[in-house]
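Residue numbers (our numbering): 207 to 266. Glycine residues also receive a C-beta, built at the ideal position from the N, C-alpha and C atoms.
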Amino acid sequence: MKKLPKKAICKWNKTTLEKALPILLQQADQAQYVCRKCGRIAADPKNLCKAIHRSDFDES
């Protein structure tokens, strides 16, 4: 698998997740987005269902 599926990570089945894991691990260092629903991180907001950019995160 060279590209990630277009739907959000939380919608992937177990087989898809297992095949995509190497790509996800590579992108983890470049992750700029976090999902407000489940806490997953991704470099591309399309891979998350409720993505928020890390610079928009308000800790207060």
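Contact set for residue i: own chain, Cβ-Cβ below 7 Å, skip 5 residues either direction
i, result
"Thr222", "Pro211"
"Gln238", "Ala249, His259, Arg260"
"Cys255", "Ala214, Cys216, Cys241, Lys243"
"Gln236", "Ala249"
Buried versus exposed, by CB contacts within 10 Å (16 or more), residue i
i, result
"Cys244", "exposed"
"Ala257", "buried"
"Asn253", "buried"
According to DSSP, residues forming a beta bridge with residue i
i, result
"Ala248", "Tyr239"
"Ala257", "Cys241"
Of the residues the options, the one placed nearest residue i, counting alpha carbons only
i, options, result
"Lys208", "Cys216, Val240, Lys220, Gln232", "Gln232"
Contact set for residue i: own chain, Cβ-Cβ below 6 Å, skip 5 residues either direction
i, result
"Pro251", "Tyr239, Ala257"
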